[in-house]
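Novice: Pasting in a structure now, in structure tokens, and then I'll have a few things to ask.
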Amino acid sequence: MPPLGRSWFKQVPELSRHFRTISYDVHKDLDPRHDVADLADEAAALLDHLGVEKAHVLGTSFGGSVAQKLALERLELVDGLVLVRTSYGAREPERMSLRTMGRMFGWGSFGVKDAARRGLEATTSHTYRVRNREEFEDLTRWHLTTSPSFSGFYEQALAEAHFDSYRDVGHTTAPTLVTHGADGRYVPVGNAALAGAIPDSRLVVLRDAGHLVFIERAWEVNHEVNSFLEPR
37 MPPLGRSWFK QVPELSRHFR TISYDVHKDL DPRHDVADLA DEAAALLDHL
87 GVEKAHVLGT SFGGSVAQKL ALERLELVDG LVLVRTSYGA REPERMSLRT
137 MGRMFGWGSF GVKDAARRGL EATTSHTYRV RNREEFEDLT RWHLTTSPSF
187 SGFYEQALAE AHFDSYRDVG HTTAPTLVTH GADGRYVPVG NAALAGAIPD
237 SRLVVLRDAG HLVFIERAWE VNHEVNSFLE PR
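Residue numbers for the sequence shown follow our numbering, beginning at 37 and rising by one.
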């Protein structure tokens, strides 16, 4: 559950070999009246509608906040939890720099395409961009057509800023895999401290990867997820 289910284009084909896999899109422009709890309720309603009684839940970034909330509110539903480059929320131990924030919002960009490129440069590692130039260009084009508007992005950032699982995450009962890219700037790797607060958790930090670790190091992420969840 990221903001856009289509972000999982490197995960769904592989995970579907082992699990019944469901991905979905959060609203492109988030309703300002909605918060993380509302989105967790929507995810639970979807699973209930599909007749799913037990599920492994995988969330990334903002979707990781929603996944945390779902796991805390519906203990009987979430059988396994995977949190990719996410944090406690409001009290995260390491925040992004102002420079990174500026790049994410496209400040100082010369047009929409330049803003998209700057944003993706802030969420990927230099190593990935050098080794995968063509894929990075594809991601830039995709980002231009699927990203929320500035106001939508702002509302999402606001909802995430108000989310705070610091006191509650220790009550998570689902076995949890926490994954981060070592070069992450949007959600810096210091936020991997989240794993230490969850009773039954495992932490994996992958080198040469940033915020989009599940795209940059897809094979390793898929392997870790399958290895963690398949025996359960």
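Cβ coordinates follow ideal geometry from the N, Cα and C atoms, glycine included.
Which residue comes first and which comes last in the beta strand (DSSP E) that contains Thr270?
Specialist: Nothing can be reported for residue 270, as the shown portion of the chain is limited to 37 through 268.
Novice: When the Cα atoms are used, what is the spatial distance from Leu230 to Gly116?
Specialist: Computed Cα separation, rounded: 16 Å.
Novice: Under three-state DSSP, which class holds Asp74?
Specialist: In this structure, Asp74 counts as helix in the three-state DSSP scheme.
Novice: Would Thr176 and Ala152 qualify as a contact pair, given that the criterion is a beta-carbon distance under 8 Å?
Specialist: Yes, the Cβ-Cβ distance between Thr176 and Ala152 is below 8 Å.
Novice: Is it buried or exposed, Ala81, if we count other Cβ atoms within 10 angstroms and call 16 or more buried?
Specialist: Burial call: exposed.
Novice: Could you give the first and the last residue of the continuous beta strand (DSSP E) run that contains Leu156?
Specialist: Where Leu156 is concerned, there is no enclosing beta strand (DSSP E), although the alpha helix (DSSP H) it sits in stretches over 148–159.
Novice: Within a Cβ cutoff of 7 Å, which residues of the same chain sit near Thr163, ignoring the five residues on either side of it in sequence?
Specialist: Counting only Cβ-Cβ distances below 7 Å, and skipping sequence neighbours, we find Asp244.
Novice: Taking buried to mean at least 16 other C-beta atoms within 10 Å of its own C-beta, is Pro49 buried or exposed?
Specialist: Pro49 should be labelled exposed.
Novice: Is the beta carbon of Val118 closer than 8 Å to that of Leu94?
Specialist: Result yes, Cβ atoms of Leu94 and Val118 sit closer than 8 Å.
Novice: Can you grab the Cα-Cα spacing for the pair Gly125 / Val166, in whole Å?
Specialist: Answer to the nearest angstrom: the Cα atoms are 31 Å apart.
Novice: Leaving out five residues on either side along the sequence, give the residues of the same chain with a beta carbon under 8 Å from the beta carbon of His207.
Specialist: Leu108.
Novice: Using DSSP bridges, identify the partner residues of Arg121.
Specialist: DSSP, once it has assigned bridges, lists no residue as partnering Arg121.
Novice: Do Leu75 and Ile58 have their C-beta atoms within less than 8 Å of each other?
Specialist: No, they are not a contact pair.
Novice: Which residue's Cα is closest to the Cα of Pro267: Ile251, Leu239, Phe55?
Specialist: Nearest C-alpha to Pro267: Phe55.
Novice: Work out the CA separation of Thr160 and Val120 for me, nearest whole Å.
Specialist: Using only the alpha carbons, I get a separation of about 14 Å.
Novice: Given Val205, which residues of its chain have a CB within under 8 Å of its CB, disregarding the five upstream and five downstream residues?
Specialist: Only Gln104, Leu108, Tyr124, Leu230, Ala233, Ile234 meet the Cβ criterion.
Novice: When DSSP labels each residue in this structure, what does Leu94 get in the three-state scheme?
Specialist: If DSSP states are grouped into helix, strand and coil, Leu94 belongs with the strands.
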